[in-house]
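Below is one structure, written out as structure tokens, with a few remarks after it.
Numbering (UniProt numbering), first residue to last: 1 to 445.
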């Protein structure tokens with residue numbers, strides 16, 4: 001298994017694909033194309049995940065642009081096919097209250113709506129193109145792990161209802177949680193958002209790839225991009241000794257970006273490991289004992305959050321933080337910690353087998369929100385903080401608008417460059433300290 005760490009390694013070329021549950025259900029295509037001759041494009045996009053593919057699709061179909069997508073590994077290698085398949089009406093790490101404190105109510109309300117639009121746009125794509133991605137029932141539950149956490153959740157619910165007029169939120173009492181959703185010990189209620197759902201991210205990504213190819217976009221895989229000096233206003237990218245030129249350059253590789261590709265994204269994010277396990281299918285008795293009655297997506301309120309959902313075949317997916325250092329990501333201790341957490345939440349599954357376990361990186365920015373930015377012919381999208389399945393659709397839409405010099409909302413997520421992370425190579429020490437603090441906080445509060 002890979003010990004790839006984007007904080008220290010230059011790129012992800014030749015890294016093995018994850019042995020995920022998604023890959024077992026939907027194997028990746030073996031047909032790989034690479035550039036064989038010099039060519040010129042309107043736009044070159046680095047990164048073949050959700051954002052890169054959808055941006056390419058928008059540029060080709062809405063704006064008649066000649067586009068190519070360069071993927072250093074294979075479409076399906078990065079976060080877009082490693083995540084838990086949570087399509088959420090949020091992204092970044094700022095709460096609604098924090099957003100209002102930082103930006104004021106008007107700007108925060110518009111940003112909040114952009115996040116909601118991500119889910120709406122994703123659903124529109126699935127319906128319009130008849131995408132089979134194992135979409136599950138609507139509902140995203142934020143479950144309180146303590147009484148103080150429930151008080152905070154309820155305050156956040158009241159605030160969002162008042163500040164943003166969000167009618168999709170509802171409070172779930174402990175009894176309602178047990179009766180209709182799950183019977184988990186040490187839970188104290190929840191807030192449910194109707195605007196969220198689960199899906200198979202690899203199936204979704206593969207559908208995007210098919211749409212992009214149908215639109216006439218070139219997708220080149222195992223094609224590590226090396227950025228060359230500009231020639232006038234022309235961007236030059238070298239791939240396997242082949243020179244590709246374009247008027248505009250977009251970087252959408254997020255946490256899996258090449259460290260030395262372009263100064264626009266160098267040291268602009270902190271890559272953080274997240275891990276996921278998937279059990280064998282639960283029996284009828286196990287479903288009854290756990291009280292699991294829903295296929296809606298769920299997450300707790302801990303600082304170091306756990307997230308979980310029943311898959312279509314009644315396997316339990318359970319995720320949480322991974323190792324701090326990439327070199328440690330395959331150590332058994334991290335899988336054991338995750339399984340212990342699952343068994344604490346679902347004691348009836350104390351001896352259940354784990355059929356799949358994998359991990360991947362999310363990208364966190366210094367100011368805890370995403371940045372979709374374009375300036376002087378170069379654009380990027382980074383910083384979804386692990387919640388990009390839905391918002392990547394909106395990010396791709398806005399990034400394609402920026403690329404074509406069209407007006408976009410005057411919001412900080414679109415108007416400001418991502419801040420540089422100081423002493424980026426030492427950020428793991430800060431992350432380690434934060435994890436120790438968060439563990440203590442989660443035990444006490």
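Using N, Cα and C, we set each Cβ at its ideal position, and we do this for glycine too.
*Residue interval of the beta strand (DSSP E) (run including residue 346)*: Numbered from 1 along the chain shown, position 346 holds the residue referred to as residue 346. No beta strand (DSSP E) contains residue 346, which DSSP labels as neither H nor E.
_Exposure of residue 192, with buried meaning 16 or more beta-carbon neighbours within 10 Å_ = Mapped onto the chain shown, residue 192 falls at position 192. Answer is buried; the Cβ neighbour count reaches 16.
*Use the C-beta contact count for residue 116: other C-beta atoms within 10 angstroms, 16 or more gives buried, fewer gives exposed.*
For the purposes of this step, residue 116 is taken as residue 116 along the chain shown, with counting starting at 1. A residue is called buried when at least 16 other Cβ atoms come within 10 angstroms of its Cβ; residue 116 meets this threshold and is buried.
*For the alpha helix (DSSP H) that contains residue 302, what are its first and last residues?*
In the chain shown, the residue the question calls residue 302 occupies position 302. It is not in any alpha helix (DSSP H) - residue 302 carries neither H nor E in the DSSP assignment.
*asked:* Among the candidates 256, 156, 109, whose CA atom is the shortest distance from the CA of residue 15?
replied: Along the chain shown, read from residue 1 onward, the residue named residue 15 stands at position 15. If we check each option's Cα against that of residue 15, 256 comes out closest.
*asked:* In the DSSP assignment, the alpha helix (DSSP H) including residue 18 goes from what residue to what residue?
replied: Residue 18 sits at position 18 when you count from the first residue of the chain shown. Where residue 18 is concerned, there is no enclosing alpha helix (DSSP H), given that its DSSP letter is neither H nor E.
*asked:* Are the CB atoms of residue 82 and residue 393 within a distance shorter than 8 Å?
replied: In the chain shown, counting from the first residue as 1, residue 393 sits at position 393. In the chain shown, counting from the first residue as 1, residue 82 sits at position 82. Result no, Cβ atoms of residue 393 and residue 82 do not sit closer than 8 Å.
_Quick check on residue 329: does DSSP put it in helix, strand or coil?_
Numbered from its first residue, the chain shown carries residue 329 at position 329. Here residue 329 sits in coil by DSSP.
*residue 434, buried or exposed, once every other Cβ within 10 Å from all chains shown has been counted against 16*: In the chain shown, the residue the question calls residue 434 occupies position 434. It is exposed - the Cβ of residue 434 has fewer than 16 other Cβ atoms within 10 Å.
*For residue 154, I'd like the list of residues in its chain whose CB is within less than 7 Å of its CB, leaving aside the five on either flank, ordered along the chain.*
Locating residue 154 in the chain shown gives position 154, where the first residue counts as 1. Once the five neighbours on either side are set aside, the close Cβ partners of residue 154 are 171.
_the region 311-331 contacting the region 213-232, beta-carbon criterion three pairs below 8 Å_ = no
*asked:* As a quick exercise: from 333, 283, 305, pick the residue whose alpha carbon is nearest that of residue 315.
replied: Within the chain shown, the letter at position 315 stands for residue 315. If we check each option's Cα against that of residue 315, 283 comes out closest.
*Drop a sphere of 10 angstroms on the beta-carbon of residue 469, count the other beta-carbons inside from all chains shown, and report buried for 16 or more, exposed for fewer.*
The structure shown has nothing for residue 469, since the chain only spans 1 to 445.
*Who are the Cβ neighbours of residue 446 in its own chain at under 8 Å, not counting the five residues just before and after it?*
Any property of residue 446 remains undetermined from this structure, which presents the chain solely from 1 to 445.
*Sort 92, 69, 30, 165 by Cα distance to residue 371 and report the nearest one.*
Position 371 of the chain shown holds residue 371. Answer by Cα proximity: 92.
*Which residues bound the beta strand (DSSP E) around residue 357?*
The sequence position of residue 357 within the chain shown is 357, counting from 1. That run of the beta strand (DSSP E) goes 354-364.
*Through-space distance from residue 77 to residue 222, alpha-carbon basis*: Here residue 222 refers to the residue found at position 222 when the chain shown is read from its first residue. Here residue 77 refers to the residue found at position 77 when the chain shown is read from its first residue. Roughly 11 Å separates the two Cα atoms.
_Beta-carbon separation (whole angstroms), residue 107 vs residue 250, contact threshold 8 Å_ = Position 107 of the chain shown, counted from the start, is the residue given in the question as residue 107. Position 250 of the chain shown, counted from the start, is the residue given in the question as residue 250. Actually they are not in contact, since the Cβ atoms of residue 107 and residue 250 sit about 25 Å apart, beyond 8 Å.
*Going along the chain, which residues of its own chain have a beta-carbon closer than 8 Å to the beta-carbon of residue 89, five neighbours each way excluded?*
As a first step, residue 89 is located in the chain shown; it is residue number 89 there, counting from the start. Excluding sequence neighbours, residue 89 sits near 115, 116, 118, 119, 140, 168, 193, 195, 196, 390.
*Whose C-alpha, out of 111, 436, 288, is nearest the C-alpha of residue 183?*
Working through the chain shown from its first residue, we reach residue 183 at position 183. For residue 183, the nearest C-alpha among the options comes from 288.
*Kindly indicate which three-state DSSP category residue 128 falls into: helix, strand or coil?*
Here residue 128 is taken as the residue at index 128 of the chain shown, counted from 1. Of the three classes helix, strand and coil, the one that applies to residue 128 here is helix, per DSSP.
*Residue of 357, 376, 198, 429 minimising C-alpha distance to residue 137*: The residue you call residue 137 lines up with position 137 of the chain shown. With distances taken between Cα atoms, residue 137 lies closest to 198.
*To the nearest whole angstrom, what separates the beta carbons of residue 246 and residue 40, a pair I think is in contact under 8 Å?*
Residue 246 sits at position 246 when you count from the first residue of the chain shown. Residue 40 sits at position 40 when you count from the first residue of the chain shown. Sure, about 7 Å apart at Cβ, within 8 Å.
*Is the beta carbon of residue 35 less than 8 Å from the beta carbon of residue 242?*
Locating residue 35 in the chain shown gives position 35, where the first residue counts as 1. Locating residue 242 in the chain shown gives position 242, where the first residue counts as 1. The answer is yes: Cβ separation under 8 Å.
*Per DSSP, residue 321 forms a beta bridge with which residues?*
The residue labelled residue 321 in the question sits at position 321 within the chain shown. Paired residue(s): 274.
_With H, G and I counted as helix, E and B as strand and the rest as coil, what does DSSP make of residue 23?_
Here residue 23 refers to the residue found at position 23 of the chain shown. Judged by DSSP in its simplified three-state form, residue 23 adopts helix.
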